[in-house]
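Numbering follows this note's numbering, with no gaps: position 40 of the sequence shown is 54. Quick reminder that beta carbons are idealized off the backbone N, C-alpha and C, glycines included. A quick write-up on the structure given underneath.
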Amino acid sequence: MSAPVTRRLSRPRRGRMIGGVCAGLAQRYGMKPGTVRLLAVLSCLLPGPQFVAYLIMWAIIPSE
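Below you can see the structure in the form of structure tokens.
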């Protein structure tokens with residue numbers, strides 16, 4: 015029996031828009047990048063620090 019494959023959280027070089035954070039999150043969790051981008055934009059309509067969180071993830075998440 016083999017160990018389950020874990021995907022590292024990283025910002026891909028291909029398919030990224032702006033910083034690649036949404037594409038990296040989509041890749042890590044097996045979602046479509048467009049879905050994650052839509053959720054990110056919709057979440058910015060709510061009050062809170064979503065934009066700041068995106069900038070922090072852009073700085074912290076390593077690029078491929």
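Query: Residue nearest to residue 50 in terms of C-alpha spacing, selected from 60, 37, 59 and 24; Result: 37
Query: Pairwise C-alpha distance: residue 47 and residue 31; Result: 10 Å
Query: Cα-Cα separation between residue 78 and residue 44, rounded to whole angstroms; Result: 17 Å
Query: Distance, residue 70 Cα to residue 25 Cα; Result: 13 Å
Query: Span separating the alpha-carbon of residue 52 from that of residue 76; Result: 22 Å
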